[in-house]
Amino acid sequence: MFDLTPAADRLAGLVRNVTDGDLKAPTPCPDYSVGDLLDHINGLSVAFTMAALKTPLEGTAAGDASRLPLDFRESIPARLGELAEAWRAKGAWDGMTRAGGVDLPGEVAGAVALDEIVLHGWDLARATGQPFTVEEDLLQVVHGFVSSIGQDDRDGSLFGAAVEVGSNAPLLDRVLGLSGRDPAWNLS
2 MFDLTPAADR LAGLVRNVTD GDLKAPTPCP DYSVGDLLDH INGLSVAFTM AALKTPLEGT
62 AAGDASRLPL DFRESIPARL GELAEAWRAK GAWDGMTRAG GVDLPGEVAG AVALDEIVLH
122 GWDLARATGQ PFTVEEDLLQ VVHGFVSSIG QDDRDGSLFG AAVEVGSNAP LLDRVLGLSG
182 RDPAWNLS
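For the sequence shown, the working numbering begins at 2 and goes up steadily by one.
(1) Around the Cβ of ARG17, are there at least 16 other Cβ atoms within 10 angstroms (buried) or fewer (exposed)?
(2) Ends of the beta strand (DSSP E) at MET51?
(3) Would PHE73 and ALA110 qualify as a contact pair, given that the criterion is a beta-carbon distance under 8 Å?
(4) Sorted by chain position, which residues of the same chain lie with C-beta nearer than 7 Å to PRO78's C-beta, five sequence neighbours on each side aside?
(5) For the beta strand (DSSP E) containing LEU104, name the first residue and the last one.
(6) Could you give the uninterrupted runs of the alpha helix (DSSP H) lying entirely in the region 50-99, keeping only those of 4 residues or more?
(7) Measure the CB-CB distance between ARG11 and ALA52 and report whether it falls below 8 Å.
(8) Measure the alpha-carbon distance for LEU1 versus THR6 and round it to whole angstroms.
(9) How long is the line joining the alpha carbons of SER85 and ASN169, rounded to whole angstroms?
(10) Count the other CB atoms, across all protein chains shown, that sit within 10 Å of the CB of ALA272; report buried if there are 16 or more and exposed otherwise.
(11) Are VAL47 and ARG80 closer than 8 Å when you measure CB to CB?
(12) Taking DSSP as the reference, what is the three-state secondary structure of PRO27?
(13) Using a Cβ-Cβ cutoff of less than 7 Å, which residues in the same chain neighbour GLN131 once the five nearest sequence positions on both sides are dropped?
(14) Going straight from the alpha carbon of TRP94 to that of GLY145, what length do you get?
(15) Please classify SER189: is it buried, with 16 or more other beta-carbons within 10 angstroms of its beta-carbon, or exposed?
(16) Tell me whether SER34 is buried or exposed, calling it buried when 16 or more other Cβ atoms sit within 10 Å of its Cβ.
(17) Do the CB positions of GLY178 and PHE160 come within less than 8 Å of each other?
(18) Just tell me which of ASP4, HIS121, GLU137 and PHE3 has its CA closest to the CA of LEU45.
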């Protein structure tokens, strides 16, 4: 069990700083604009909140900027806060739950929620030119999760093929590489 609040708060801050001019910009996520990514973050926030509450939603949180609420700078941070709050309950981590159409143990769902928050936080920060940091203990959790993903799940549905970054690279870069992201990606 770990606290998702620091990572959720950091992502909420990034969302609040997105400008209207950023919405059509590309992101490190292939085929996602910033607007699409924000819609995905909005959807996954709801899905993983419901997973923590053991009342899961069906479907996935595919990003589509046309669904992005006009008040996204307030509503998405509020949903991220609800997500972190829901995972503070011990019961969220117990038993089975469902997220994104997949049944999984609560403790795994919590790790996936953190993975989504951290990786998409980095994606959003890179795409909008904002700084990004994450606490070392939370980064260790995400590293453990992305390290556990086999080659069969690196077809783009969960992660892309791993990007080699070297064993001496900073932990964040290794996490990004294992998730199929190039740590050197820049908006250009």
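Quick reminder that beta carbons are idealized off the backbone N, C-alpha and C, glycines included.
Working from what's here:
(1) Exposed, by the Cβ-count rule.
(2) First-last for MET51: 35-53, but that is the alpha helix (DSSP H), not the beta strand (DSSP E).
(3) No, these two residues do not count as a Cβ contact at 8 Å.
(4) For PRO78, where only same-chain residues beyond five positions count, the Cβ hits under 7 Å are ALA13, VAL16 and ARG17.
(5) The sequence shown places Asp at residue 104, not Leu. Start and end: 103-106.
(6) Listed in chain order, the alpha helix (DSSP H) elements of length 4 or more contained wholly in the region 50-99 are 73-87.
(7) Taking 8 Å as the Cβ cut-off, ARG11 and ALA52 do not qualify as a contacting pair.
(8) This structure does not reach residue 1, given that the chain is present from 2 up to 189, and the question cannot be answered.
(9) Correcting the residue type first, residue 85 is Ala in the shown sequence and not Ser. Going from the Cα of ALA85 to the Cα of ASN169 covers about 32 Å.
(10) Because the chain here runs from 2 to 189, residue 272 falls outside it and cannot be looked at.
(11) When the beta-carbon positions are compared, VAL47 and ARG80 come within less than 8 Å of each other.
(12) PRO27 sits in a strand when the DSSP states are folded into three classes.
(13) Closer than 7 Å at Cβ, skipping near neighbours: LEU15 and ASN18.
(14) So the alpha carbons of these two residues sit roughly 17 Å apart.
(15) SER189 should be labelled exposed.
(16) Buried, because 16 or more other Cβ atoms sit within 10 Å of the Cβ of SER34.
(17) Not in contact: GLY178 and PHE160 (Cβ atoms no closer than 8 Å).
(18) Looking at the Cα atoms, HIS121 is the closest of the given residues.
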